[in-house]
Amino acid sequence: MQEKTARAILDGETNIIYKMINQSFYLSRKIIRHKDKNLITLLFLISDLSYNKLIRSIGCRIIARITTKVIRLLLPPNLFKRMLPISFFLIAAGITPSFAQQKIENEISRYVKNAPFQMEAPALPKIPEHKVTITDFGAVGNGHILNTNAINKAINSCADAGGGTVIVPPGLWLTGPIEMKSHINLHLAQGAILLFSPDHSLYPFIRTSPKSDRWFVTPPIYGYDLSDIAITGKGIINGSGDSWRPMKKEKATASQWKDLMKSGGTVSEDGKMWWPTKEAMEGENYLKEVRKQHEKITEKDMIPARDFLRPNLVSLVNCSKVLIDEVTLMNPPKFTLNPRYCRDLVIRRVKINNEWYAQNADGIDLSNCSNAVIYQCTVNAGDDGICMKSSRESSDKTDTASLKNIIIADNIVYHAHGGFVIGSNTDGGMENIFVHNCNYINTDVGIRIKSARDRGGLVHNIYISDIYMANIATDAVLFNTYYENKMKASTSYPVTKTTPRFENFYLDNIYCDGAGVAISLTGLPEMPLNHLYFKNINITAGKGFSAVDTSNISLQKVIVNGHEYNR
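Residue 4 is where the sequence shown starts when you use the working numbering, and the numbers rise one by one after that.
Following this line, the structure appears as structure tokens:
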């Protein structure tokens, strides 16, 4: 009966917030006068229902505040805290997990609804209410004490209790690798900085599974075969990548190069590349020799190549129901955020802040993922900004796309080799990607689609619309099937499973003010780019439109430097 009454209050289509506020004041007066517990329960229901129905309205917060103040008048502080459910407290504060979760679900639902293909909305992680703070396990946030054990103990303790939120409070938290667990939200409060140690000995080699024969350097933050995980909050994750990454002389200023020479490290024989250690510079050749000499490679064999085999900053492999929300990621050893084989993935309002010269420092790389939404993110990257990759494992004999059902919307990429990128490895196949309402400013390339004969596959049903670009150094729109292959053969090669196939791309409402080249399309003689549809394009550039080895290219209202193309 009480629930029906509460719902009735909320059912009107006109002046609904006004009615809720008035009813709250009315109930508040009766509660104060009669101290009626049933009315208290009714007021709770009104607050909860108003929150669910009008998630973004100011009326919800007004009601929550009224309720809190009224109940506080009636009860002693201890009883007040025990009586109110935790969700109601957090609604009043505006930071409830359920409030935030419902808000994100609503946002995702809108993106999925507007997609030009059918896909299920990614399921968000379910994180229990349990909370722990890393200081409870001995962590010290002074930037000098190593907190690896304390942070991992906090995560393990929370996981052992069934899951929950591990809070990193404001402070400078020096640490080694952090291993995520299922049902865990690693929450970085405003003012928190996770600073990963530049001591590379803290990052041992690991395998993704006991059956795997491949070794990887432990990433700063990693997780394998997990479900229901999140990394949230307004704190910062710093990977200390400058202790790992090489630097090209051409990308350094004179003063930067001078400082690098003073800092130690070593320089390649041609003088074009600085490496932080000799082992990093020699790592590639060392691995070639080791693989020749040993049929089975051990962890001990790999150690001399650790500096060369740089880890990604955040690496999540084969995980489901993943949320990365609001955190700032910076200074990675290699790629910044790299989910691989993940399902039901949401990356929201994440900020990637890498130096433009950072070698291989991609922003967001999705590899073989499905059912994902990336939105309202801001990226500065040393390599590709937001990139889609797919590679098929040798054991996978299917023909289905390894990366599919991806939405990328409302993002900004400031510096990167490409704003939105596909490839270069596409041999796992891709389908159903929707890129919408994004800005690319000062990137090398705006929309960058790349692959090559030895790393290609079928990439189709790609929709790119409402893209606004400025000051693009080279190509506003680039399709290139000769990536890192300087020789563009004029003769056909046999078509194989790894032949790049780019088809059924739909580009609509693309605008660019200033680029080196407007549109550049380069297919293969044996596999032309085909069924590319360009509509409502307006680009100013130094050079116009070029197409080599293409077929079935549609141009509608494509304007390049004032000249309109229609065919």
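C-beta atoms are modelled at their ideal positions from N, C-alpha and C, and glycine is treated no differently.
The bridge partners DSSP lists for residue 463 are 434 and 506.
Contact between the region 215 to 222 and the region 192 to 201 is absent: fewer than 3 CB-CB pairs across the two stretches fall below 8 Å. Contact annotation: residue 239 and residue 196 have beta-carbon atoms nearer than 7 Å. DSSP, reduced to helix, strand and coil, places residue 278 within a strand of the structure shown. When DSSP states are grouped into helix, strand and coil, residue 114 belongs to the helix group. Counting the other CB atoms within 10 Å of its CB gives residue 362 a total of 16 or more, which places it among the buried residues. A distance of 7 Å or more separates the beta carbons of residue 171 and residue 130. With fewer than 16 other beta carbons inside 10 angstroms of its own, residue 146 counts as exposed. For residue 264, there is no enclosing beta strand (DSSP E); the residue is part of the alpha helix (DSSP H) that begins and ends at 257 to 266. Its Cα nearest to that of residue 561, the residue 515 stands out among 515, 554 and 293. In this structure, residue 386 lies near residue 364, with their beta-carbon atoms less than 7 Å apart. Taking the Cβ atoms as the reference, residue 340 lies roughly 16 Å from residue 128, outside the contact range of under 8 Å. Residue 166 places its beta carbon 7 Å or farther from that of residue 148. Annotation for residue 124: 111, 112 and 115 place their beta carbon closer than 6 Å to its own, counting only its chain and skipping 5 residues before and after. Beta-bridge partners assigned by DSSP to residue 176: 197. Annotation: residue 457 is outside any alpha helix (DSSP H) and is labelled neither H nor E by DSSP. Listed as beta-bridge partners of residue 184 by DSSP are no residues whatsoever. For residue 412, the uninterrupted beta strand (DSSP E) segment begins and ends at 406 to 412.
Sequence-distant partners of residue 247 (beyond 5 residues in either direction) whose C-beta falls short of 6 Å from its own C-beta, in its chain, are 313 and 336.
Under the DSSP assignment, residue 138 falls outside any beta strand (DSSP E); it carries neither an H nor an E label. By the C-beta density criterion, residue 324 is buried, having at least 16 other C-beta atoms within 10 angstroms.
If you draw a straight line from the Cα of residue 236 to the Cα of residue 493, it is about 53 Å long. Annotation: the continuous beta strand (DSSP E) that includes residue 347 extends over 346 to 351.
Only buried fits residue 433, as 16 or more other CB atoms lie within 10 angstroms of its CB.
About 5 Å separates the CB atoms of residue 502 and residue 530; that is less than 8 Å, so the two are in contact.
In this chain, the beta strand (DSSP E) harbouring residue 391 covers 389 to 392. Counting C-beta atoms within 10 angstroms of its own C-beta, residue 217 has fewer than 16 neighbours from the protein chains shown and is therefore classed as exposed.
A Cβ-Cβ separation of about 5 Å places residue 310 in contact with residue 282 under the 8 Å criterion. In the structure shown, residue 356 adopts extended strand secondary structure according to DSSP, grouped into three states.
Counting the other CB atoms within 10 Å of its CB gives residue 267 a total below 16, which places it among the exposed residues. According to DSSP, residue 311 shares a beta bridge with no other residue. For the pair residue 536 and residue 509, the CB atoms are nearer than the 7 Å cut-off.
Straight through space, the alpha carbons of residue 556 and residue 377 are spaced by roughly 29 Å. In this structure, residue 422 lies near residue 443, with their beta-carbon atoms less than 7 Å apart. In the structure shown, residue 294 adopts helical secondary structure according to DSSP, grouped into three states.
Boundaries of the alpha helix (DSSP H) harbouring residue 160: 151 to 163, taken from the DSSP string.
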